[in-house]
Amino acid sequence: MISATPTLQPVMLQPSLFALGPPSVRRDAVFEPIDLGAGAWVEVAREWLRGADDLCQRLVS
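In our numbering, each residue's number is its place in the sequence shown (first place is 1) plus 83.
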């Protein structure tokens, strides 16, 4: 039987060794433009969020 109601499956959080501590934003994060073609691009900032694991736990609970 096909159901139109989505079913949410539990997901295990795989914590990072480097994303511990209270959440904060790195003000010195460097943005890197990534060309998507046809004049489109997206800017990516890597490691801009400290404490990502704690933030994820707060959002999930």
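Ideal Cβ placement from N, Cα and C applies to all residues, glycine included.
- When C-beta atoms of the stretch 92-100 are compared with those of the stretch 127-134, fewer than three pairs fall below 8 Å, so the two segments do not count as touching.
- For the pair A135 and P106, the CB atoms are nearer than the 9 Å cut-off.
- By the criterion of a C-beta distance shorter than 8 Å, E126 is surrounded in its chain by F114, E115, P116 and I117, once the five residues flanking it on both sides are discounted.
- Take L119, set aside five residues on each side of it, and the residues of its chain with a beta-carbon closer than 7 Å to its own are V125, in chain order.
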